[in-house]
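*Asks:* Can you read through this structure? Questions will come right after.
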Amino acid sequence: MAFRALVVDKDAEGNVTHRIETLDESRLPAEGDVTVAVEYSTVNYKDGLCLSPSGGGLVKTYPHVPGIDFAGTVIESDDPAWKPGDKVILTGWRVGEIWWGGYAAKARVKGKWLVPLPEGMTARQAMAIGTAGFTAMLAVMALEDHGLAPENGPVLVTGAAGGVGSVATAMLAHRGYEVAALTGRPEAAGDYLRHLGASTIVPREEMAEPSKKPLERETWAGCVDAVGGTVLARTLAQLRYGASAAAVGLAGGAKLETTVIPFLLRGVNLLGIDSVFAPIEKRRRAWERLLHDLPMEKLEEMIVPATLEDVPRLGEDILEGRVRGRVVVDVNA
Ligand SMILES: NC(=O)c1ccc[n+]([C@@H]2O[C@H](COP(=O)([O-])OP(=O)(O)OC[C@H]3O[C@@H](n4cnc5c(N)ncnc54)[C@H](OP(=O)(O)O)[C@@H]3O)[C@@H](O)[C@H]2O)c1
314 MAFRALVVDK
324 DAEGNVTHRI
334 ETLDESRLPA
344 EGDVTVAVEY
354 STVNYKDGLC
364 LSPSGGGLVK
374 TYPHVPGIDF
384 AGTVIESDDP
394 AWKPGDKVIL
404 TGWRVGEIWW
414 GGYAAKARVK
424 GKWLVPLPEG
434 MTARQAMAIG
444 TAGFTAMLAV
454 MALEDHGLAP
464 ENGPVLVTGA
474 AGGVGSVATA
484 MLAHRGYEVA
494 ALTGRPEAAG
504 DYLRHLGAST
514 IVPREEMAEP
524 SKKPLERETW
534 AGCVDAVGGT
544 VLARTLAQLR
554 YGASAAAVGL
564 AGGAKLETTV
574 IPFLLRGVNL
584 LGIDSVFAPI
594 EKRRRAWERL
604 LHDLPMEKLE
614 EMIVPATLED
624 VPRLGEDILE
634 GRVRGRVVVD
644 VNA
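According to our numbering, the stretch in the sequence shown is residues 314 to 646, in order.
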């Protein structure tokens, strides 16, 4: 049966173009062993890159269906782990980049990439969480594995009004942490972040300039950092003794100019978070924890509903830091 997809291609000048197409099943990639009826996808920073005129260097072969994550129902499976009717989630594995992704009503992927939708979570909620929220969960798990607990003190979340930041803020607050939300839009997003559970709003400009000192006042018991660059360098200098920062993203820059002093004199840790190739057992644990640690009524407030037609515009918005919360794309609307 034919189905709709958002297809990106390259024009004669090498710029990425996009259009909605009706495809038949023969266009699905041959490599996969599970066919999924996709219900929802999302818009992540990487999706914005794949849709941008340059393509961000992530997609290797055109024409291509982007969309780095999706949730839906198995319709056909040659993998004994899955059967028709199973509800599944896919994030990462470079789906939407080198493999065809979730901006289509059907996808064919490898069964070993899928995780079950947790009982009690809908496909729409799973994509409201999406790669961004799943990654926020991985960051919190890593911080807690390194000793973070609510009684340790305030936790800084950077890029707080974005996808990773919104989910991290709501989840940490729900678990009893005192959350300080760093944002570049304190006026526009302050109430939203307080509503998600942030007790303090830190304007980004307070951390935007490099510090002349290798150590600043010990402030944070932990940090979920979606921003990188100077903000992360300043955060490292402000971590309390033995505390950790989880490096998730680079919305503010990939460069990290710091000294080793916070590591040597305060024993702080910088934890790398990768969601793309996270092992399957860790994925299952993260999704089960999201069901319990993330208040679903707060998740609902983060949602920006969208259709496939809206995705290119939202891709531009996410690259410009204009999306608040989480976009949920109903691929069948
Ligand atoms: N490691 C992984 O596996 C993984 C997984 C998912 C995402 N990521 C990365 O994590 C980052 C955040 O992803 P997301 O989905 O949350 O994106 P997002 O929704 O666009 O959020 C990013 C946020 O960063 C802040 N920001 C934007 N431009 C900035 C700048 N120039 N300087 C400082 N802050 C800036 C903004 O928050 P405020 O308006 O509140 O300041 C923005 O909302 C991205 O870099 C993404 O690629 C990594």
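The beta-carbon is built from N, C-alpha and C at its ideal position, and this holds for glycine as well.
(1) Provide the residue(s) that pair with I514 in DSSP beta bridges, ordered along the chain.
(2) Whole angstroms are fine: how far does the CA of V642 sit from the CA of L583?
(3) Starting from the Cα of E610, find the closest Cα among I586, P342, A441, L341 and give me that residue.
(4) Among the candidates G489, R530, W413, V540, whose CA atom is the shortest distance from the CA of Y554?
(5) What are the complete alpha helix (DSSP H) segments, minimum 4 residues, inside the stretch 394-467?
(6) Where DSSP assigns a beta bridge to N328, which residues make up the other side?
(7) Select from C363, E344, A534, G443 the residue whose C-alpha is nearest the C-alpha of T330.
(8) E352 lies in the beta strand (DSSP E); which residues open and close that run?
(9) In this structure, does DSSP put R317 in helix, strand or coil?
(10) Taking S557 as part of the beta strand (DSSP E), name the residues at either end of that continuous run.
(11) Keeping to the same chain, check which residues put their C-beta closer than 6 angstroms to that of M434; ignore five residues upstream and five downstream.
(12) Which one or two residues does DSSP pair with L584 in a beta bridge?
(13) For the beta strand (DSSP E) holding D643, just list the boundary residues, first then last.
(14) With distance defined between alpha-carbon atoms, name the residue in A481, P342, S365 nearest to V561.
(15) Under the criterion of a Cβ to heavy atom distance below 7 angstroms, does Y651 qualify as lining ligand 1?
(16) Beta carbon of V347, beta carbon of W395: below 8 angstroms?
(17) Kindly indicate which three-state DSSP category S365 falls into: helix, strand or coil?
(18) Straight-line CA distance for L461 to A619?
(19) Tell me which residue opens and which closes the alpha helix (DSSP H) that G478 is part of.
(20) Determine the extent of the beta strand (DSSP E) in which G565 is found, giving its start and end residues.
(21) Output yes or no for whether 8 angstroms exceeds the beta carbon distance between G446 and A564.
(22) Have a look at the DSSP bridge pairing and note the partners of I388.
(23) Would you kindly work out how many angstroms separate the C-alpha atoms of R579 and Q551, rounded to a whole number?
(24) Just to confirm, does L563 get its C-beta within under 7 angstroms of one of the non-hydrogen atoms of ligand 1?
(25) Looking at the structure shown, is A646 part of a helix, part of a strand, or coil, going by DSSP?
(26) Are there any heavy atoms of ligand 1 lying less than 7 angstroms away from the beta-carbon of G380, as far as the coordinates show?
(27) Quick check: the Cα distance between I333 and R317, rounded to an integer number of angstroms?
(28) Does the contact criterion of 3 or more C-beta pairs under 8 angstroms hold for the stretch 588-604 versus the stretch 416-432?
(29) In whole angstroms, what separates the C-alpha of A493 from that of G466?
(30) Name the two residues that bound the continuous beta strand (DSSP E) containing P618.
(31) DSSP state of L604, grouped into three classes?
(32) Hey, is the stretch 350-359 in contact with the stretch 408-424, meaning 3+ C-beta pairs nearer than 8 angstroms?
(33) Do you know offhand how far K423's Cα is from E344's?
(34) Rounding to the nearest angstrom, what Cα-Cα distance links A483 and I593 in this structure?
(35) Would you list the one or two residues that DSSP bridges to D538?
(36) Find the nearest neighbour of L451 within the set T532, G478, R437, E338, judged by alpha-carbon distance.
*Replies:* Well, looking at it:
(1) A494
(2) 34 angstroms
(3) A441
(4) R530
(5) 436-458
(6) DSSP, once it has assigned bridges, lists no residue as partnering N328.
(7) C363
(8) 347-355
(9) strand
(10) 552-560
(11) L604
(12) A559
(13) 639-643
(14) A481
(15) Residue 651 cannot be examined here, being either before or after the span of the chain that is shown, 314 to 646.
(16) yes
(17) coil
(18) 36 angstroms
(19) 476-487
(20) Run containing G565: none; DSSP gives neither H nor E here.
(21) no
(22) For I388, which the question treats as bridged, DSSP gives no partner whatsoever.
(23) 10 angstroms
(24) yes
(25) coil
(26) no
(27) 7 angstroms
(28) yes
(29) 10 angstroms
(30) 616-620
(31) helix
(32) yes
(33) 8 angstroms
(34) 25 angstroms
(35) T471, A560
(36) G478
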